[in-house]
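Just below is one structure, and these are the notes that go with it.
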Amino acid sequence: MPPARSDNPALDALLRKAYDLHPTEIDLTLGRLERLLERLGNPHHRLPPVFHVAGTNGKGSTCALLRACLEAQGHRVHVYTSPHLVRFNERIRLAGQLIADDALIMLLKDVIGRNGEAPITFFELTTAAAFLAFATIPADACIIEVGLGGRMDATNLLPSALVSGISQLGLDHQQWLGPTILDIAREKAGIAKRGVPLVTGRHPAAVTARIAEVAGLAGARLAIRGQDWDAALYEGQLHYRDDAGRLALPLPRLAGPHQHDNAALAVAMLRAQSALPVKEAAFKAGMGWAEWPARLQRLDSGPLPELLPAGSSLWVDGGHNPAAGKALAEAVRPLLQPGQRLLIVAGMLAAKDAEGFLKPFAGMASALYAVPVPGHAAHDPSWLASAASAMGMAAVTAPDLRQALKAIARNSETAPLVLVTGSLHLAGKALALNGQPPV
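Taking my numbering, the leading residue of the sequence shown gets 9, the next gets one more, and so forth.
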């Protein structure tokens with residue numbers, strides 16, 4: 009899969025070189041990165057206090073909410089997330105700011121030079137770069153999102169954390185994490201560390217039991233939603249409680265009811281530690297400050313909305329697995345005006361369960377416009393259209409996102425709600441075409 013990482017030629021060349029150091033994108037072993045980190049002086053042992061977040065869906069949003077609350081309290085925060093939407097720089101945020109090209113070039117030259125020609129995956133090498141940056145630039149906290157799974161993820165070489173968290177779980181990446189939700193829960197819970205609080209959302213009893221089993225063996229202190237803490241939505245607020253007391257918070261700025269759960273998890277993680285106190289006023293401010301692009305994000309203006317009929321609304325979401333499809337359908341339903349048609353523009357990577365993702369939209373979406381995902385091995389648009397058609401949606405193909413929106417404009421007599429979804433890569437393409445890269 010050829011990387012498209014930066015519009016800076018020098019930086020792009022380094023990122024491509026990093027990508028070429030391993031024949032496969034994913035290889036879940038830790039020895040290569042351990043060797044490189046030792047050559048770099050083990051920067052992961054010198055990080056500011058770490059918030060470590062795993063999960064199938066919602067972990068990025070949880071990281072965004074953690075960051076917003078900590079920054080509202082006045083703390084300086086590093087953040088490492090993946091994947092990026094438009095530019096690689098989005099993955100590394102230093103004390104609140106996306107890493108600059110020049111700083112990233114210096115980091116990559118250092119880690120690539122120390123690694124030499126030894127095989128190492130792109131994610132492992134860039135994780136080393138993030139750890140090195142976080143150990144060098146002063147900050148009060150690090151928020152680190154697991155890349156894939158947890159137990160064998162590159163970020164799990166962290167020797168400890170201030171607190172760990174597990175967001176929503178679902179079936180995804182089964183070829184690496186195992187075929188069942190219990191397999192996936194075991195892998196995600198692998199971030200548990202001795203003496204470190206492991207905060208979990210609400211999961212089925214068998215899933216919670218599997219997480220508890222792994223946490224117990226690791227010696228982690230488990231904090232389970234519904235037992236040790238909880239949250240509920242009523243009277244237009246998010247009401248949170250734990251042994252330390254209660255909070256009545258505004259709803260998070262991030263759209264969709266699933267974000268209430270992510271916000272609650274972020275609050276629970278912050279309340280599970282005492283090294284970085286966060287006051288109620290900062291929690292309230294953080295709910296309104298948090299931003300996480302391409303997660304049910306509305307594009308109000310720009311080149312893409314202008315292609316649609318007047319009065320249309322255009323939304324972008326990077327959801328790409330069955331659990332995300334269910335949450336997304338539930339979030340979009342109340343956005344529809346009476347009689348308004350929902351039209352989906354979708355492209356999905358070949359490894360994803362497209363039928364499982366689309367099923368929640370059956371009977372809800374009027375039509376699907378299937379498109380390729382540029383630069384990635386994706387489901388053939390004709391196959392994707394056939395899958396949607398079998399669910400009762402009118403379905404056609406288009407050569408790209410812009411052409412799909414133009415086709416919607418030609419075929420629409422009224423103003424629809426248009427949802428671009430199925431892949432973070434497609435969502436990133438939408439943001440790039442609309443001139444809205446994350447900042």
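The beta-carbon is built from N, C-alpha and C at its ideal position, and this holds for glycine as well.
Straight-line spacing of the CA atoms in LEU165 and ILE416 works out to 48 Å. Residue pairing for GLU153: DSSP places it in a beta bridge opposite VAL61.
Your pair HIS86 and ALA147 checks out as a contact, with CB atoms roughly 5 Å apart and the cut at 8 Å.
When C-alpha distances from VAL428 are compared across PRO380, SER397, ARG159 and ASN123, the shortest belongs to PRO380.
Distances from the CA of MET160 to each of GLY39, ILE107, ARG24 and ASN419 were compared; the closest alpha carbon is that of GLY39. DSSP, reduced to helix, strand and coil, places GLN267 within a helical segment of the structure shown. Straight-line measurement puts the Cα of PRO51 at about 52 Å from the Cα of SER374. For PRO407, the CB contacts under 8 Å within the same chain, skipping 5 residues up- and downstream, are VAL379 and PRO380 in chain order.
In the three-state reduction of the DSSP assignment, VAL87 falls in the strand class, which pools E and B. In terms of Cβ geometry, ILE199 and HIS30 do not form a close pair [threshold 8 Å]. TRP391 and ALA80 do not touch by the CB rule: their CB atoms are close to 46 Å apart, not below 8 Å.
One Cα belongs to GLU132, the other to LEU344, and the distance between them is close to 42 Å. In its chain, beyond the 5 residues on either side, CYS150, ILE152, LEU166, ALA169 and LEU170 have a beta carbon closer than 7 Å to the beta carbon of VAL58. In this structure LEU190 is not in contact with GLY63, their Cβ atoms being roughly 15 Å apart against a cut-off of 8 Å.
Distances from the CA of ALA302 to each of GLY326, ALA337 and TYR377 were compared; the closest alpha carbon is that of GLY326. Going by C-alpha positions, PRO330 is about 35 Å away from LEU112. Taking all protein chains shown into account, PRO342 has fewer than 16 neighbouring C-beta atoms within 10 Å of its C-beta and is therefore exposed. Contact between PRO445 and VAL119 is absent: CB atoms are separated by about 24 Å, not below the 8 Å threshold. A straight line joining the alpha-carbon of ARG249 with that of LEU255 spans about 6 Å. Per DSSP, the beta bridge partners of GLY173 are VAL61 and VAL207. Just measuring C-alpha positions, the residue of ALA252, GLN305, TRP237 and GLY294 sitting nearest ALA263 is GLN305. Looking at the DSSP output, PRO258 bridges to GLN245. Distances from the alpha-carbon of SER172 to those of ASP109, GLY364, LEU273 and PRO258 put LEU273 closest. Minimum Cα-Cα distance from PRO382 among the listed residues GLN348, TYR242 and LEU432 corresponds to LEU432. By the 16-neighbour rule on beta-carbons within 10 angstroms, HIS211 is buried. One alpha carbon belongs to LEU246, the other to ARG233, and they sit about 14 Å apart. It is roughly 15 Å from the alpha-carbon of PRO205 to the alpha-carbon of ALA252. Per DSSP, the continuous alpha helix (DSSP H) segment holding ILE120 begins and ends at 109-123. In the DSSP assignment, SER321 falls within the beta strand (DSSP E) that extends over 321-324. ILE219 is positioned such that its CB atom lies no closer than 8 Å to that of ALA239.
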